[in-house]
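In the UniProt record's numbering, the protein residues as written are 1 to 154. A short write-up of the structure that comes next.
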Amino acid sequence: MAYWLMKSEPDVFGIEHLKALPNQTDHWDGVRNYQARNMMRDDMKVGDQVFFYHSNCKPPAIVGIMEVTKEGYPDHTAFDPDEKYYDPKSNPDNPRWYMVDVKHVRDLKREIPLDELKSYPELSNMRLVQKGNRLSIMPIEKNEWDFILSIEDQ
DNA sequence: GCCAACGTTGGC
DNA sequence: GCCAACGTTGGC
Numbered sequence: 001m002a003y004w005l006m007k008s009e010p011d012v013f014g015i016e017h018l019k020a021l022p023n024q025t026d027h028w029d030g031v032r033n034y035q036a037r038n039m040m041r042d043d044m045k046v047g048d049q050v051f052f053y054h055s056n057c058k059p060p061a062i063v064g065i066m067e068v069t070k071e072g073y074p075d076h077t078a079f080d081p082d083e084k085y086y087d088p089k090s091n092p093d094n095p096r097w098y099m100v101d102v103k104h105v106r107d108l109k110r111e112i113p114l115d116e117l118k119s120y121p122e123l124s125n126m127r128l129v130q131k132g133n134r135l136s137i138m139p140i141e142k143n144e145w146d147f148i149l150s151i152e153d154q
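Encoded structure:
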């Protein structure tokens, strides 16, 4: 089993939105970055655990845990001209963009803000804490995952 | 295939 | 709202 982190802006789609959906499950559509796409299409497996990260807000923070419930399949929102993330270069016969389904597992006992994450040497290799990082989906090492859960109660 | 211009992300 | 970092586009 692998571990991941996925970013979303809470004003657009936050963890509260996910919890409000049937089965607390949704498809993670709208990713239009090749690195992130490749991870969803090729690497994320059912049962993988995912941190839900709130970006572009105050404070940016890890707020909860999700689980992958469906592996990569074409992102149909790319086919629809009315969608915000419509891409005319993607079509059902040759889909360019992929998504996975994720289910809310639980909220963290507290939000763990980015500035705190940056303060731990144990997490200094995470792409999340490095300058200029814009990747919206990234793998998390097991030791990093476990460390983050260990500071949840502090 | 290079690289300048442009658009987006996301912390601050 | 600013702007640094980064990814993508497109002319050449």
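All C-beta atoms in this analysis are idealised placements derived from N, C-alpha and C, irrespective of residue type, glycine included. Note that the structure is predicted; figures quoted are calculated from it, not measured.
The region 108 to 126 and the region 82 to 89 do not touch, with fewer than 3 CB-CB distances between them shorter than 8 Å. Nearest to residue 96 by alpha-carbon distance, out of 41, 121, 144, is 41. The continuous beta strand (DSSP E) containing residue 4 extends over residues 3 to 8. Between residue 59 and residue 113, the C-beta gap is smaller than 9 Å, which places the two residues in contact. The alpha-carbon separation between residue 3 and residue 100 amounts to approximately 14 Å.
At the C-beta level, residue 17 and residue 66 stay beyond 9 Å of one another. Under the Cβ criterion (8 Å, minimum of three pairs), the region 66 to 82 does not count as touching the region 129 to 147.
A direct Cα-to-Cα measurement between residue 24 and residue 77 gives close to 20 Å. At the C-beta level, residue 6 and residue 50 come within 9 Å of one another.
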